[in-house]
Amino acid sequence: MSTGRARLACKSCNARRVKCDAGSGQPCWHCRIRNTPCELIESKRGKYKHLGRGQRSQEQASPSEDPNTSHNTTPTPLGTSRNDSLELRGFDVLPGNHPDRTPHSQPRGSDSTTDAACLTYTIEVDYTQRSGSTERFKVNYPIPAPVADRSTFHHGPGAELVSLEEALAMPPRHIADGLIRAFFELAHPAYPVFDRKRFTTLYGQGKASPLVLQTIFFMGFTVGPDSLIQDSGYSSRTMARKTHYLRAKLLYDIDYDTDSLNVAASLLMLGFWWFGPEDQKEHCYWVGCASHVAQSLGMHRSTSQSGMSQAERSLRKRIWWSIYTRDRHVAAAFGQPCRIRDEDCDVEALVEEDFQFDSDCDRSLVPPQQDFHVLYVMEMSRLAVILGDILIGEFSPRRPALDKYTTESLVQRLAEWESHLPDTLRGASPDGSLGAWFWATMLYVPYHNYHVLLFRPRAIENLSPAEADRDTRARTAADSITRLAEDLLATCTIRSAQVQLVPALFGALSVHTIVICRKDPIRRKLAENKSRQCLLALSELSISWPVRIWFARAFVNLMRRLTGRGGSIINVSSSIVRTRSNPAFERIGISESQHGATIDESSHGFTANPILPNFPGMTEPSSYPGDSESYNVHHYAPQMPDQLMYDSFLAGYLDNTFDPDLLLYNSLEPMLPLSFGNLPESDPDS
């Protein structure tokens, strides 16, 4: 419930439209926190010159009045006669019966709970009577409920009010240390956007940027172990991530940190936030903000002739190439155009020296930097450049007619990139550690995924020689992704995998699903087993990264229909969906008959074991079609994606006209000119 406007306010709080407590003493709380001067604004109450009715009439009729101003405007529906007129001087939206309140009495971004029926227009009018005298007065009118509802500020899905005091709250020191270690061990090696030496020094002195800290805590809860969540007292990883995301977001919204490099780095880290399909401020939004800030600082331009120190130049390059790489990954995963154009950039490529200036840091918080960490970032940035050209060459509706965008040229560039990989990232065997093999795997997974993008199959049967060659290359790439995922599962390192593994697994699943539709029984069974491996890998990744639950469920249900494993719609619940307050995610039930024909399991000779027994939130029903019990999908209202996938895929299976772009759409295919109405947009890459 909104509170009344403060009788005294300082200039800083008044300019920022926040509640000021200067009336109880100076400086106010906000000025103390921000370390800014607290200067009261001069009140104008009681200082207006009050004129009598006759004086006001004479003053308004004086020759100095603007001759173009007319007081005989069109009558408004106020019950006045035709000889009476009203001139609107402006209006505000105020809570009814509280004329001293204004919309600015609430903190910025607050969620008003004022009843719609209590809102009124306050209109200042000039009333001209029949006698010719004019009088100014205010009239209050109630706002109709539909209009009042629209005037309420709506937050994004899952948003909650966070005060500045809450945003500055920090976890206990031992929890904070654990989150920082998790961040610098698993996230920062892939996106080295912070000066490690400077950060650990300031952190030890208690002077670290609150924006940077909340961002690191958010990422620490994303990639850190479950023990951190339990020790912190949060009920789930989602709640922990959400709490510190909202705190970091508030600090960014109020421009709390004035260090532009900190802001750009923090925005990139916020780009790993995702809450639900209707959340507007998610990956693409924050990565776009980060790229905008970076370009406004000139990070995309060469600094070889600048007067910057080597340390500053190196940090700027690390931030830029991290944003560039993430921009390409998000564009590929979400089917959006890249925000950064290569034609606008002449920044130098990363070199090993760019990672040395801050290596002397607190080892109790930051693990030692290894050579394979440095090589991973350098090689991933080079691979991201090729990915950007793949997106343009394969999916842009107006791609330039240049040789570098042809499939042959792109394949050759990928081969050259792979052939020039350092020996450190080659030939290592899985050893269960997060060493050279692990980071080499994080490079090879997207490398094979880009071959899936280039050679995605176009038909199920009756392939031409050219189509057969493309199909073979796509299956080879999908098999490689599956084998790498299996190695990560076997070594128990998949929980530490980078987020780009998610869209790669969906791409491999798409290819395996096409093979399941073919007549070759051996390859069909092999594809089923490979699909299980991919889904199992996704189930493990979903613990840390919010895997697209609806698309994963669609794959499970589709393959059950194709293979006959389990004849019913499985129960689906997601920790992401359960936390939603949006009405679109209310619990509903859809029976099997609504999805089409049931499957005769006996015709396939399979048992009723689920394809994915351990996928979080997915449980097998206790009985199967033929029983009186109905099988429902819970916690998810929009059912269009599943039905669309079934109808389109199975229809194509019958007439061999299936378009795999439909299956790949919104999981890894960028910029496809398809429109599915109001399908929920979910997160393919995290």
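One point on numbering: in the working numbering, the residue at position 401 of the sequence shown is 750, and numbering is uninterrupted. Just so you know, even glycine gets a beta-carbon here, dropped at the ideal spot from N, CA and C. Remember, predicted model here, so these are calculated numbers, not experimental data.
Selection from Ala815, Val851, Val572, Ser829 that minimises the alpha carbon distance to Leu887: Val851
Assigned secondary structure, Cys359 (DSSP; H/G/I helix, E/B strand, else coil): strand
Tyr600 (DSSP reduced to helix, strand or coil): Per the sequence presented here, residue 600 reads as Leu, with Tyr not at that position. Helix at Leu600.
Sub-9 angstroms separation of Phe532 and Ile565 beta-carbons: yes
Classification of Gln659 by the beta-carbon crowding that lies within 10 angstroms, buried from 16 upward: exposed
Where His769 falls, given that 16 or more other Cβ within 10 Å makes a residue buried: It is exposed - the Cβ of His769 has fewer than 16 other Cβ atoms within 10 Å.
Below-9 angstroms beta-carbon distance, Thr840 vs any chain B residue: Included in the structure is just one protein chain, with no chain B present.
According to DSSP, residues forming a beta bridge with Leu389: Cys359
Beta-carbon proximity check, Gly737 vs Thr756, cutoff 9 angstroms: No.
Whole-angstrom C-beta distance between Ala639 and Ile672, which should lie under 8 angstroms: 5 angstroms
Where His722 falls: helix, strand or coil (DSSP): helix
Backbone secondary structure at Glu810 - three-state DSSP: Assignment of Glu810 by DSSP, reduced to helix, strand and coil, places it in the coil class.
9 angstroms Cβ cutoff met for His722 and Pro538: yes
Endpoints, alpha helix (DSSP H) assigned at Glu889: 870-890
Candidates Ala525, Ala557, Glu701, of which the one nearest Phe570 by Cα: Ala525
Minimum C-alpha distance to Gln761 - residue among Ile739, Ile382, Ser859: Ile739
Within 9 angstroms, strictly: CB atoms of Phe621 and Phe567: yes
Inter-residue spacing [alpha-carbon to alpha-carbon] between Pro574 and Leu724: 26 angstroms
CB-CB length for Ile735 against Trp766, believed under 8 angstroms: 6 angstroms
Contacting residues, own chain, Cβ-Cβ under 7 angstroms from Gly505 (five flanking each side not counted): Per-residue confidence for Gly505 stands at a pLDDT of 49, beneath the threshold of 50, marking its modelled position as unreliable; the derived number appears in the next sentence. Result list for Gly505: Asp628, Gln629, Lys630, in chain order.
Assigned exposure category for Gln654 - 16 Cβ within 10 Å defines buried: exposed
Closest Cα partner of His649 within the set Thr840, Ser891, Tyr605, Asp691: Asp691
Residue range of the alpha helix (DSSP H) that includes Ile668: 659-683 is the span of the alpha helix (DSSP H), which, as asked, contains Ile668.
Whole-angstrom distance between Thr825 and His678, CA atom to CA atom: 22 angstroms
Three-pair Cβ contact test at 8 angstroms for the stretch 858-866 versus the stretch 818-838: yes
Cβ distance (whole Å) where Asp707 is taken to contact Arg547 below 8 angstroms: 7 angstroms
Reference Arg712, options Gly527, Glu514, Arg365, Cys387, closest by Cα: The candidate whose alpha carbon is nearest that of Arg712 is Gly527.
Distance between Ser758 and Tyr796 (C-alpha atoms, nearest Å): 15 angstroms
Straight-line Cα distance separating Ile668 from Val612: 11 angstroms
Candidates His523, Arg662, Asp608, Ile390, of which the one nearest Leu714 by Cα: Restricting attention to His523, Arg662, Asp608, Ile390, the CA atom closest to the CA of Leu714 is found in His523.
Ala597 beta carbon less than 9 angstroms from that of Ala516: Result yes, Cβ atoms of Ala516 and Ala597 sit closer than 9 angstroms.
Proximity winner among Leu599, Asp580, Arg807, Arg586, relative to Glu514 (alpha-carbon distances): Leu599
Nearest to Leu1039 (by Cα), restricted to the options Glu728, Gln685, Tyr754, Tyr601: Since the first residue shown for the chain is 350 and the last is 1035, residue 1039 is missing from the structure and cannot be characterised.
8 angstroms CB neighbourhood of Val561 in its chain, flanking five on each side removed: Phe543, Phe548, Asp606, Asn611, Ala614, Ser615
Integer Cβ distance of Arg747 from Tyr754, believed to fall under 8 angstroms: At roughly 11 angstroms, the Cβ-Cβ gap does not stay under 8 angstroms, so Arg747 and Tyr754 are not in contact.
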